[in-house]
Structure formats: structure tokens, C-alpha cells
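Here the structure comes first, spelled out in C-alpha cells, and everything after it is commentary.
Protein chains: 2
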Amino acid sequence: MTNDVLTYMHGLGQAARDASRVLASASTAQKNNALLATAQELEQASQSLLAANAKDMAAGRANGLDDAMLDRLELTPKRIEEMIEGLRQVAALPDPIGEIQDMRYVPSGIQLGKMRVPLGVIGIIYESRPNVTVEAASLCLKSGNATILRGGSEAIHSNQAIAECIVRALATTGLPATAVQVVATTDRAAVGALITMPEFVDVIVPRGGKGLIERISREAKVPVIKHLDGVCHVYVDEFADAKKAIRVADNSKTQRYAPCNAMETLLVHSSQTESVLKPLVAIFQEKGVELRGCSRCLEHFADAMQPATEEDWHAEYNAPILAVKILDSLDEAINHINTYSSQHTDSIITENYTHSRTFLTRVDSSSVMINASTRFADGFEYGLGAEIGISTDKLHARGPVGLLGLTSEKYIVFGDGHIRG
Amino acid sequence: MTNDVLTYMHGLGQAARDASRVLASASTAQKNNALLATAQELEQASQSLLAANAKDMAAGRANGLDDAMLDRLELTPKRIEEMIEGLRQVAALPDPIGEIQDMRYVPSGIQLGKMRVPLGVIGIIYESRPNVTVEAASLCLKSGNATILRGGSEAIHSNQAIAECIVRALATTGLPATAVQVVATTDRAAVGALITMPEFVDVIVPRGGKGLIERISREAKVPVIKHLDGVCHVYVDEFADAKKAIRVADNSKTQRYAPCNAMETLLVHSSQTESVLKPLVAIFQEKGVELRGCSRCLEHFADAMQPATEEDWHAEYNAPILAVKILDSLDEAINHINTYSSQHTDSIITENYTHSRTFLTRVDSSSVMINASTRFADGFEYGLGAEIGISTDKLHARGPVGLLGLTSEKYIVFGDGHIRG
């Protein structure tokens, strides 16, 4: 069986590699037409999508999936509408491929610049969320990449129904039907194959829990654009405007608890204990946020806080829990962040020019903010149009990853018979 | 013993990680001063460098190193001069770190852009060429990265002598002495440790033969910027100017045989057999280049060529040997290149506008050229000032890698108390 899966995956890989050659020089119109045709197919097939999803939901319930998983698995008319709208938005984005930049003459007389090109074949591994199938496929297609999608096995019927729509849409536009392929087996060996065939796959983008991503990173023989965790900080500086500090810290934590860009640790300069931390404690208490404080916090707010342990400084709660620490300098804050942050997003609240510059330079995170909520760290807020994920890597793509993160550049050289002397 | 090496390497790693925090916000002047001070130390220490190198050379001869290896290992007064000159050139390059780009307001009212930052800690693994120690250290230092250098064991005395100069130079400039560390053991376990400690090392740059690089890529748990091979093509199009074609093909092959950007396969449109290939065959014969041709070549030039086998189309000779193929269309040429090229550098010779655009778009290599010698694909020729290597990867850095390839970008956000609604 495993051998069959390997053969099957290599087949998908070869087909994707071949399709990627065609996609790389597909016109913007062809790619947009395929996206809009997919939108139309989804619209027309919405009843059969719902029916396929009902099978997955029934099996999921029978297999005891929890409510959160069932929620992510479910397709509703509204969610299908959102997928369709997403396709139209990606079609409306500018096409990055073929863009030529910085053409300049160098002393030898050749003219030299860079052209933006697709990466080639992208493998996406994700949990049982059928909308990711459409989202990921659309970004890969727009950026001229062939893609192999491997969603969670609980969503197999939904994903296959979506795949049929995409294949029909591709057929109408003259692009290869294998430009987007959805893995049709739930055998786990398919994931192992997908991440170990560098001859066919140029990069893997895993989307899901930290455990999944760590395992894939460890076992992959192909580069991985990964998003591990979001342990985000807000530091209220000695020179913070108290109103802004309260507003931003509150929003960073409570606007939504689950996202990776929500604040998990609040750092407060000791001089702001009364002016900022005290009113914030009241707000968080009212909103039902559990507070875990350092020993100095407990001196002031013993009634409102539990003691924080070493694990709390590392924790990504994604929940109404917040770690709080009082400290005495910008230096201490930066050191805490560079030690415990997951290098996702960290923000300083300050009116001091030098402190803002120091924080900006020394904090080593993918988004570093001044007087702004960490919740802004997101591809849509950043104007990328859409995002395939948020990278916590430093190489290639860092922070929210949009279409550009799915591309590379090649050097191009124009000569007139130039030779090297 | 291996445990000792692990402990030793983790010590270097921790020290490098700590140093990288300081280096990341070091001023341009500090970094340049360190480079110029290193130049001065090398100058003053040239006698002891030559003495240390003499030990390596004696041991190398005793151990039967071949002439090419001994040549790469040797330090001469002229080579020390070149290392010193290289340091001054890197000091003169603009500092990429801290550069802020594209600050723009997005609809929420935050202002958003990107700041260029170092990668952090770079591990360099290379063969027994002491000049690489200085070259790699200087590029890493200028780009604000801490570096751990592991040169070939045959160069251990030379590398330690160079390391002493760098450490003395760093001490005069207030930068951490551990900003540049040269591994002091020849135990091979050190390489294994260096490539498997992602907590301390952000990227590995191996420099050396394909075997070394493949092994490192396979075993590394850290991203690798790698240069595998250079199977470069020149395609003489139906619409080529014969004079330019002859000039460029000759230069691409014979200007130097060893470099990775030298042509290894010549593709000629059948209509150019008499006008271009015939005179080229004469030139190559005169220069002693062994020719291996396809069956159609042999029909025309049986006296001048051996038959090419399938392996010849894959071969990186780095020697006066050339594979030659006659074909009938641009399509055939592009397909041949996308099948056999190592995606390093490929050039078309043509006067046809549409053919030039098609080649540029469809050839998937790190440098794609029109009417120019493949020999131009090089960091110095491209104006990067210096190069740490040529990447055959698509992610992160592609083609000649200069200072920018050793950096990343982070998003920076300026607000005035902005929160997400």
C-alpha cells in the first residue's frame, strides 16, 4: 500500500512539475480567468459542495471530533460565498510574475536586472478546513505556481468536491488540469512522500498546529515556509502616553483571543504601575482575562493575579489568559522580548524618540511596532491582499506571506555580443 | 571525545548568538573599523601567517595532497595582499543593515514598511582555502551577522593565525571578540554539530565540491544556502548574428574552463551549422577543447567530435570538454535547457525580439542572458562588490549572493495608539 501511495504521489509530483512549466509563462488574463471560472463553478456546485461536506460532518461527528474541529470543517452557504469572494479578490490583485526591476548598466557594458518568477511547485499541508483548499490554490495559481494540496483526512469529501470545481475551471481556460491537484488519498504516507520529493516540490507550506509544523520541518527534505508560534509582547515604556498604552494593550489582548498576533505577555515599566497597569488590570478583570503576574505585580495586585511561572513567559495561550511583568528599563524589556518572544510581533508604547528607535532596531521579530496593536500583524491589514500564512522564519519570507512570498527572482542580462575580458 | 566536541560547538553557538544581538545594532562605523583593523592586523602579522601556513603546507605535502589542493592551501605575500585589499573593499561597500523601505499608510491608519536586518548567526563550511576565512568573515561582519567558520582541517594553522588577527581587530573596536569564531578543532564531529543546532545558527553556507554540499544539505537541520553545480548552456538561435554567436560561445567556454559559469553544452539551431558551428569547431579544436556531439553533429563534424552520451548532457566538466547539440527550434532548446541545465546560467544568441522574450520568460535559471557570455554570472561582474557564493536555490537567495543575501527584512509599523476594530 505504501508503495502505491509513493507511486501515486510521484505521479502527482511529475504532473505538477510539468504543469509548473506552463504556468510560469501563463498570462495574467489566463490565471485570472481560471480564478473567476473557479468562483463560478463553486457557485454552481454549491449544493453538491454542501452535500459532500455533510458526509464529512457526519463522519466527523461519528468519530468524535470536538466542536472547534467540527466548526472548522463545516461548509455553510455563507462560507461558500466567502470562498467565492476570496477568489475574486485574488483575481483583482496585481500579478507579480514577470515584473522586471532595477535594469542597470554595469561597467562591462551588460545591462542587468531581476525578473520575478514563480517558485515552481508548492505543497500545502493543512488541517480539515475546506476553505483553505480554495484560498491556498488561488494564491498559488495567481503567483504562477503549480500546487499539491493535502488537507486533513476528515475533509476528504469536501476537498474532492472543491477539486472537481477547480479542474473544471482550469479546463475552460487552457491551463493544465494538473495546475492544482488535491491529494485523493487519506493515507498518511502521502504527507511523508510530499515532503521528501525535492525533484518535484520546491517548497512546503504547512498550516496547522505547532506539533504538525514541527514534525513536518523535522522530516522534510524540501524547504518549509513555517509558522510556529505567536508569543507577542506589548511593552509600556516609562515615556508611554497612558491613554494610548491602555487602549493598545487592551486591544492587543481582547479584540480576539485566538489569533497568533494577540498579546500573550504585557511588560510594564515600573513608573507606569499606577497610571497604566492598574486601569488595565480592572479592564482585564471585567473582561474575564486571567492574569498571571511576576512577583512585583503580585505586590500591587495580589487579589487580581496568580503568580506567573517560567512557563508563562514562553506560553502562547490563544485564550483569555495574560502574563504580566513589571520591569525597570527599556533594556530589560528588550532582553525579555529577545529571550521569550517567538519573534512574531512585539510592540512598544512610548512617546520617546530614542526609545522608539532603539526598540525598532534591537527587537528581532518579524513585525516590530510603535504605538500600535499587535493585532495589526496580518496580511490583509498589511495590504498584501491575502496571505498564505505568517512566517516565523528569517530566510526567504518573514512575517505575513502574500503572493510575493510565493515567488523568487532571477537575474536577467541583456548584452550585444558582450564577452568577459 | 564527540561529547566534548558537542559541548565545545554549543559554546561557540551560544557565544555567537549573544554576539549577534550586539552586532545587529552595531553602527556602520564600528563594523568598518573592525574590517580595516583586521586588514592592519593581517599586514602586521604577515610573517607569522606565512609561518603558520608553512606548517600546513608541510603537513599537506607529507599527507600527499595533490597540487591543486596545495595551491588552494598556500598563502603567499601576494595572497595576503589580496585578502587585505578584499577587506578594504568590503569596508567601502554601503551598509545594507537598518535600511527602511516602502513606508506607506494603509487604510487602518498605521504606517507600514520594512527594515533590513541581519540573519543572525551564519555558519560557513569550506575547504582548505585560508583566504575564504577572511572573505566570509568580512561579508558576515559587514552584514551584521555573527559567524562560525569551519575551514578544511589541512588549513588549521593558517586559519587559527588569521582568527587571532580578527580577534585582535575586534577588540580595538568594542565589538564582541566572538563576532567571528574559527572552529579550533579538526574533529569532523564539529561539522555535524554546526549544521544541527538551529537554536544557535540561522543559516549554513557551504563552499566546496558538490559531494560536500549534498552531504551537508542532507544532514542539516538548519537552512542551507547552497551552490550545487553549473551546467550552463549557450543556445545559438536561428536568428543569431553569427559574429556575436561565435564570440560569445567561444568566450563562454574558453575564457576560463574551471569556473561554474563556463558553458558546458552548446546548442545550435540547424540553420546555423555552417555559419556558426563550423567556425566554432575550428576555434575549439585549435584551443584543444574536446568536443562531444549529438548524432546530427557527427554527420557534419565526424573528424572533430566524439559521440555524446546521455551523461554528457548532465555533465559539469569544468575542463576543456564541450557537449554540442544541433536542434530545430527555440522550443527544443528551451526544453533541453529546462531538462538538463542546473538552473545556474543560460544564454541565447538571437536578434529576434520574440525569441529573446520567450527565452527570458521560459528558461528557469538563476541567470538568463541574451547575447552575453555566461561568464558574466558572478558577484563582482554583477556589481555586488563581493560574493559569498552563487546560489542554485530558489528560496531566499538566487544567483550570485552578496551582502543582501545575508540579510532578512522585518516589518515595522508606526502608529499613534492605533487599535484594530
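Chains D and V, in that order, are what the protein sequence lines are. Residue 1 is where the first sequence starts when you use UniProt numbering, and the numbers rise one by one after that. Residue 1 is where the second sequence starts when you use UniProt numbering, and the numbers rise one by one after that. C-beta atoms are modelled at their ideal positions from N, C-alpha and C, and glycine is treated no differently. All of these numbers come straight from a predicted model, not from anything done at the bench.
Check, Outcome
"Beta-carbon gap between SER270/V and ILE326/V smaller than 8 Å", "yes"
"Which of helix, strand or coil DSSP assigns to PRO307/V", "strand"
"Same chain, Cβ closer than 6 Å to GLY144/D, neighbours up to 5 away in sequence not counted", "LEU23, ALA24, ILE97, PRO118"
"CA-to-CA distance, LEU175/V to GLN44/V, given in whole angstroms", "21 Å"
"Assigned exposure category for ALA29/V - 16 Cβ within 10 Å defines buried", "exposed"
"Closer than 8 Å at the beta carbon, the chain V residues around SER408/D", "LYS394, LEU395, ARG398"
"Min CB distance ASP416/D to chain V below 8 Å", "yes"
"Collapsed DSSP secondary structure at LEU291/V in the structure displayed", "strand"
"Counted within 10 angstroms of its Cβ, other Cβ atoms place ASP241/D as buried (16 or more) or exposed", "buried"
"Unbroken alpha helix (DSSP H) run spanning residue 423/D, endpoints", "Beyond the ends of chain D as shown, which are 1 and 421, falls residue 423/D; an answer cannot be given."
"Local conformation of ASP102/D per DSSP, three classes", "strand"
"Start and end residues, beta strand (DSSP E) containing VAL182/V", "180-182"
"Contacts that MET115/V makes with chain D (C-beta to C-beta distance below 9 Å)", "LEU360, THR361, VAL368"
"Proximity test, Cβ basis, 8 Å: MET1/D and chain V", "Bear in mind that the predicted position of MET1/D carries a pLDDT of just 48, short of 50, making it unreliable; the figure below should be weighed with that in mind. Not closer than 8 Å to any Cβ of chain V, the Cβ of MET1/D fails to qualify, so no."
"PRO118/D - DSSP class collapsed to helix/strand/coil", "strand"
"Euclidean distance between Cα positions of ALA58/V and ALA262/V", "33 Å"
"Status (buried if at least 16 other CB within 10 Å, exposed otherwise) for PRO400/V", "buried"
"Alpha helix (DSSP H) runs wholly inside the segment 68-96 of chain V, at least 4 long, in chain order", "77-92"
"Proximity to ALA319/V [Cα-Cα], best of MET369/V, LYS253/V, SER373/V", "LYS253/V"
"Contacts around MET115/D, its chain only, beta-carbon distance under 6 Å, and the 5 residues preceding and following it disregarded", "ILE100, LYS410, ILE412"
"Residues that DSSP places opposite CYS232/D in a beta bridge", "MET263/D"
"Which of helix, strand or coil DSSP assigns to LEU404/D", "helix"
"Reference GLN343/D; option with closest CA among LEU277/D, ILE162/D, ARG398/D, THR273/D", "ARG398/D"
"Contacting residues, own chain, Cβ-Cβ under 7 Å from GLY288/V (five flanking each side not counted)", "PRO320"
"Residues that SER414/V bridges to, as DSSP identifies them", "First, the amino acid is wrong: residue 414/V is Phe here, not Ser. Partner(s): ILE370/D, GLN111/V."
"Beta carbon of SER365/V nearer than 8 Å to that of THR350/V", "no"
"Straight-line gap, MET1/D to GLY421/V (C-alpha atoms, nearest Å)", "The pLDDT assigned to MET1/D is 48, lower than 50, so where the model puts this residue is not dependable, and the model offers no usable value."
"Burial state of MET83/D, where buried means 16 or more other Cβ atoms lie within 10 Å", "buried"
"Beta-bridge pairing of TYR126/V - partner residues as DSSP gives them", "ARG207/V"
"Alpha carbon of LEU65/D to alpha carbon of ASP378/D, nearest angstrom", "29 Å"
"Proximity test, Cβ basis, 8 Å: ARG21/D and chain V", "yes"
"Which of helix, strand or coil DSSP assigns to VAL191/V", "helix"
"Assigned exposure category for GLN47/V - 16 Cβ within 10 Å defines buried", "exposed"
"Length of the line joining the Cα atoms of residue 450/D and ALA68/D", "Given that chain D is displayed from residue 1 to residue 421, the structure contains no residue 450/D and the question cannot be resolved."
"Beta-carbon neighbours of ILE412/V, restricted to chain D and to distances below 9 Å", "LEU360, SER367, VAL368, MET369, ILE370"
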